[in-house]
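Novice:
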Ligand code: IPM
Ligand code: MG
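Residue numbers (this note's numbering): 60 to 415.
This is the structure in structure tokens:
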């Protein structure tokens with residue numbers, strides 16, 4: 060029987076609350092499904108840890124995580140610390156150190172959830188975000204600090220290898236979905252070096268995937284397509300920053316940023332992949348038991364699917380949608396007045412009570 064070792068990192072803000080809830084749901088799925096087992100180890104890394112140890116995670120943190128099959132992550136971000144310290148010290152350190160170059164962000168309107176769009180149609184997208192370079196390369200610097208002639212440079216770094224591997228990943232993913240459609244998003248009319256290379260690589264790769272329908276759109280026009288013609292999109296591939304922005308729009312259009320999941324994948328499996336809800340640390344609602352755990356449940360389903368337990372993942376999603384379609388219990392962001400615990404209990408019961 061397969062046993063999967065999962066490193067759980069709650070991180071900051073509501074992260075630990077939702078990860079705790081997610082582990083309960085994963086346990087319920089493990090029990091109901093059978094055939095595999097999960098072993099969790101929880102790591103108290105994040106901003107509180109920083110105040111005690113002057114770092115977000117131990118120096119050998121990546122070594123510690125390396126043998127795990129997956130990382131189940133909450134959120135990072137704390138008002139007492141600059142964002143770049145918390146992010147680069149934990150989340151981005153793991154993403155970059157483990158070469159998790161494919162960031163995958165599904166968006167669809169869960170049953171019972173209302174999209175702010177008048178005609179959401181069949182809004183069912185996966186955004187594939189380049190996760191290792193581009194606008195987030197960290198390359199750049201500042202000179203003449205504070206003086207009138209100060210210069211600040213953020214260089215976007217696009218490599219042929221980086222572009223090609225993320226685009227191939229997106230083609231492979233599109234090919235497995237019913238619609239088999241891939242849209243390339245760039246801004247090659249204005250950014251005339253890296254983005255033009257993205258376009259060229261896409262044109263060259265297309266021939267290897269004749270079964271995948273393709274098109275391309277500029278990032279500004281992509282926001283219009285997503286809003287006015289959601290049906291016209293399936294899988295979207297874009298650079299780190301462009302896909303960051305589009306994925307927030309996608310989460311909002313699918314009804315709540317509280318439900319959206321994301322995966323940071325090292326597709327070759329040389330390192331563990333990391334799974335997290337998209338919502339962030341939400342400091343305004345910490346400790347109030349109102350955080351929406353559904354993003355972390357969907358994340359759990361995604362993690363199981365990636366581990367090869369797609370049936371158990373689908374079971375979690377059926378249970379989630381049983382609860383969302385019933386309209387209760389739901390947390391305030393989805394228009395309800397239930398607590399994190401209420402929603403967690405309801406989803407666990409739906410998993411346990413399913414006859415299939
Ligand atoms: C995300 C977030 C992060 C990002 C922030 C917190 C740096 O917005 O995961 O989308 O831009 O990568
Ligand atoms: Mg973002």
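Where a beta carbon is used, it is the ideal one built from N, C-alpha and C, also for glycine.
Can you grab the Cα-Cα spacing for the pair residue 165 / residue 139, in whole Å?
Specialist: Spanning the two alpha carbons is a distance of roughly 31 Å.
Novice: Label residue 143 either buried or exposed according to how many other C-beta atoms from any shown protein chain fall within 10 Å of its C-beta, with 16 as the threshold for buried.
Specialist: With fewer than 16 other Cβ atoms within 10 Å, it is exposed.
Novice: Using the DSSP secondary-structure output, state which residues sit across from residue 200 in a beta bridge.
Specialist: Answer is 212, bridged to residue 200.
Novice: Please classify residue 110 as buried or exposed, where buried requires at least 16 neighbouring CB atoms within 10 angstroms.
Specialist: Label assigned to residue 110: exposed.
Novice: Can you list, in chain order, the residues of its chain with a C-beta nearer than 7 Å to that of residue 234? Leave out the 5 residues immediately preceding and following it.
Specialist: Cβ within range, chain order: 268, 270 and 271.
Novice: Cβ of residue 186 within 8 Å of any heavy atom in ligand 2?
Specialist: Flag unset: Cβ of residue 186 not near ligand 2.
Novice: Residue 245: which of 288, 238 and 303 sits nearest, CA to CA?
Specialist: Closest option to residue 245, Cα to Cα, is 303.
Novice: Taking the continuous beta strand (DSSP E) assigned at residue 184, which residues delimit it?
Specialist: Note, residue 184: beta strand (DSSP E), 183–189.
Novice: So within the region 294–377, which uninterrupted beta strand (DSSP E) runs reach at least 3 residues, ignoring any that extend past its ends?
Specialist: Runs found: 294–297, 320–324 and 332–336.
Novice: Going by other Cβ atoms of all chains shown within 10 Å of its Cβ, with 16 needed for buried, is residue 369 buried or exposed?
Specialist: Exposed is the call here.
Novice: CB of residue 118 to nearest heavy atom of ligand 2: below 8 Å?
Specialist: Residue 118 Cβ: outside cutoff for every heavy atom of ligand 2.
Novice: State the DSSP-derived secondary structure class of residue 123, mapped to helix, strand or coil.
Specialist: Residue 123 falls in the helix class under three-state DSSP.
Novice: Taking 8 Å as the cut-off, is the CB of residue 146 close to at least one heavy atom of ligand 1?
Specialist: Result yes, Cβ under 8 Å from ligand 1.
Novice: Following a CB-centred definition, is residue 337 positioned closer than 8 Å to any heavy atom of ligand 1?
Specialist: For ligand 1, at least one heavy atom lies less than 8 Å from the Cβ of residue 337.
Novice: Could you give the C-beta distance for residue 349 and residue 390, rounded to a whole number, given that I count them as a contact under 8 Å?
Specialist: Confirmed, Cβ separation roughly 6 Å.
Novice: Going by CA-CA distance only, name the one from 106, 296, 185 and 198 that's closest to residue 225.
Specialist: With distances taken between Cα atoms, residue 225 lies closest to 296.
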